[in-house]
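Take a look at the structure below.
Residue numbers (my numbering): 75 to 195.
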């Protein structure tokens, strides 16, 4: 009987370890980021919330903007978003990367590129 109990515990532990090892980890860019964007009108601060399902929110003093279609490829992040820039529609494409708790990249637009830097909260 003692051998049966030991085998049962061993099998249970083995199944538990297998389940833990097969759990996918979130991409490095997932999280909440304090960001700074260098724009033609000066530095703009904000908060980005990026989720593993490819959605997110860009928050700033002007309000929140939903993001969809965020692509994570290793440490690289990219997405496109349309914003209202003082009554004018502006299409932005972000391309950047994560290094630990730091984020850096650029927004590309019809008005040039804007540098972006960020720190994970």
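Beta carbons are placed, not taken as given, at the ideal position from N, Cα and C, and that holds for glycine.
All values derive from a computational prediction rather than experimental measurement.
Separation of residue 144 from residue 154, as counted between CA atoms: Position 80 of the chain shown, counted from the first residue, corresponds to residue 154. Position 70 of the chain shown, counted from the first residue, corresponds to residue 144. One alpha carbon belongs to residue 154, the other to residue 144, and they sit about 8 Å apart.
Residue 99 versus residue 131: straight-line alpha-carbon distance, rounded: Numbered from its first residue, the chain shown carries residue 99 at position 25. Numbered from its first residue, the chain shown carries residue 131 at position 57. In this model, residue 99 and residue 131 are separated by some 21 Å (Cα to Cα).
Beta strand (DSSP E) runs wholly inside the segment 160-188, at least 3 long, in chain order: Counting only runs that start and end inside the segment 160-188, the beta strand (DSSP E) elements of at least 3 residues fall at 162-173 and 176-183.
DSSP three-state assignment for residue 156, whether helix, strand or coil: Here residue 156 refers to the residue found at position 82 of the chain shown. Of the three classes helix, strand and coil, the one that applies to residue 156 here is strand, per DSSP.
Backbone CA spacing between residue 117 and residue 111 [nearest angstrom]: The sequence position of residue 117 within the chain shown is 43, counting from 1. The sequence position of residue 111 within the chain shown is 37, counting from 1. The alpha-carbon separation between residue 117 and residue 111 amounts to approximately 6 Å.
Residue ranges of each beta strand (DSSP E) within the segment 107-135, 3 or longer: The segment 107-135 contains these whole beta strand (DSSP E) runs: 116-124 and 129-134.
Cβ-Cβ distance between residue 179 and residue 168 below 8 Å: Counting from 1 along the chain shown, the entry for residue 179 is found at position 105. Counting from 1 along the chain shown, the entry for residue 168 is found at position 94. Going by C-beta atoms, residue 179 is nearer than 8 Å to residue 168.
Cutoff 6 Å; reference residue 187; Cβ partners in own chain excluding five residues on either side: For this step, residue 187 is matched to residue 113 along the chain shown. So the list reads 180, once near-sequence residues are dropped.
Beta-carbon spacing of residue 170, residue 164 below 8 Å: Within the chain shown, the letter at position 96 stands for residue 170. Within the chain shown, the letter at position 90 stands for residue 164. Contact: no.
As assigned by DSSP and simplified to three states, the class of residue 140: In the chain shown, counting from the first residue as 1, residue 140 sits at position 66. Strand at residue 140.
Residue 191 beta carbon less than 8 Å from that of residue 109: To locate residue 109, count along the chain shown from 1; it is residue 35. To locate residue 191, count along the chain shown from 1; it is residue 117. Yes. Within cutoff.
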